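**Q** Letter 48 of the sequence shown, counting from 1, is numbered 52 in the numbering used here, and no numbers are missing. Heads up, the beta-carbon is just placed ideally off N, CA and C, and yes, glycines get one too. Computed from a prediction, not measured in an experiment: that's the story for all the values here. Have a look at this one before I ask anything.
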Amino acid sequence: MRKYVDLKLWSSKSNEDELTALFHAGIEMGFWALGFACLPEEVEKIQNFVKNLTSEGKRVFTSVELVLQNPPALRTISKLSKKKLFLSVAPLTLEMARRAVKLRVDSLVLPINRNRLVFDSVCAKEFSKRGGAVEVRLVDLLKSGRRKLLRALRMIRLEIRIARKYGIPLLVSSGATKPVEILDPIVMASIAETLLKIPKEAALNSISDYPCSILEKEGLFG
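Written out as structure tokens, the structure reads:
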């Protein structure tokens, strides 16, 4: 039986009531483990929330996403990589992506709001050596207007093909900010298969085997 994982559930300002509501919705949908996402400045608050749930035997973890706008932001990666969490970066340019893949990060988010590729074969060659993955947030796709979505999908599909060529796994997270945005795992996989033009098995693995493998590697779950 597959163990489904949603890597990123978000709450505005890490509100505990909102986080709790997201947790219950995720469990009801059948997820085996849930990640509570935040920006670097909110890590401590999220980790405290996660600690309380794990003490009750819940399978939850902290998921941090760092937006890479400029080179100084890269210094934050080394600090975060020492913590027990799932660490992803969202580069806004190809240059930042090429620098980020040389550092210790679990995933590289393929963003919607851009006009150029942020992941190429140079990134892929380096990232494949470090066991990294590329990530897509479904909520970003589902909330985008048609024109914006089509433009983004052309780039994302190409980036995913490049990643798969080098054996880099694809991760799909919901990116949900409210319970209604949390989808049934099978529905998530179906949407990913359709929008991203990937095989059904790869879509299912993107929310089960692949994230589980990374979480185990990071010592978050055995």
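Taking only the alpha-carbon atoms, compute the straight-line gap between T66 and R151 and give it to the nearest angstrom.
**A** Numbered from its first residue, the sequence shown carries residue 66 at position 62. Numbered from its first residue, the sequence shown carries residue 151 at position 147. Rounded to the nearest angstrom, the gap between the Cα atoms of T66 and R151 is 34 angstroms.
**Q** So, at 8 angstroms on beta carbons, what are the nonlocal neighbours of E130 in its own chain, with the 5 sequence-adjacent residues on each side left out?
**A** Numbered from its first residue, the sequence shown carries residue 130 at position 126. Take E130, set aside five residues on each side of it, and the residues of its chain with a beta-carbon closer than 8 angstroms to its own are R102, V105 and K106, in chain order.
**Q** Buried or exposed: P189, going by 16 or more other Cβ atoms within 10 Å of its Cβ?
**A** Numbered from 1 along the sequence shown, position 185 holds the residue referred to as residue 189. Counting Cβ neighbours within 10 Å, P189 comes out buried, since at least 16 surround it.
**Q** Mapping the DSSP letters down to three states, classify K12 as helix, strand or coil.
**A** Working through the sequence shown from its first residue, we reach residue 12 at position 8. Here K12 carries a strand assignment [DSSP, helix/strand/coil].
**Q** Count the other C-beta atoms from every protein chain shown that fall within 10 angstroms of the C-beta of L199, then say buried if there are 16 or more, exposed otherwise.
**A** Numbered from 1 along the sequence shown, position 195 holds the residue referred to as residue 199. Buried, because 16 or more other Cβ atoms sit within 10 Å of the Cβ of L199.
**Q** Provide the residue span of the alpha helix (DSSP H) that contains P189, from first to last.
**A** In the sequence shown, counting from the first residue as 1, residue 189 sits at position 185. Where P189 is concerned, the enclosing alpha helix (DSSP H) stretches over P189 to L200.
**Q** Note down, one range per segment and in chain order, each beta strand (DSSP E) of at least 3 residues found wholly within the segment 137–168.
**A** Taking only runs of at least 3 residues, the beta strand (DSSP E) segments lying wholly in the segment 137–168 are 137–141.
**Q** Does the Cβ of S18 have 16 or more other Cβ atoms within 10 Å, making it buried, or fewer, making it exposed?
**A** Residue numbering aside, residue 18 sits at position 14 when the sequence shown is read from its first letter. With 16 or more Cβ atoms within 10 Å of its Cβ, S18 is classed as buried.
**Q** Grouping DSSP H, G and I as helix and E and B as strand, with all else coil, what is E22?
**A** Indexing the sequence shown from 1 puts residue 22 at position 18. Helix.
**Q** When you compare the CB positions of P95 and L121, do they come within less than 8 angstroms of one another, or not?
**A** Your numbering for residue 95 matches position 91 in the sequence shown. Your numbering for residue 121 matches position 117 in the sequence shown. Against a cut-off of 8 angstroms, the Cβ pair of L121 and P95 comes out as no contact.
**Q** Given a threshold of 16 other Cβ atoms within 10 Å of its Cβ, counted over all protein chains shown, does E60 qualify as buried or as exposed?
**A** Along the sequence shown, read from residue 1 onward, the residue named residue 60 stands at position 56. Exposed, by the Cβ-count rule.
**Q** Roughly how many angstroms separate the alpha carbons of F90 and R155, rounded to a whole number?
**A** Against the sequence shown, residue 90 aligns to sequence position 86. Against the sequence shown, residue 155 aligns to sequence position 151. If I take the Cα positions, the gap works out to 29 angstroms.
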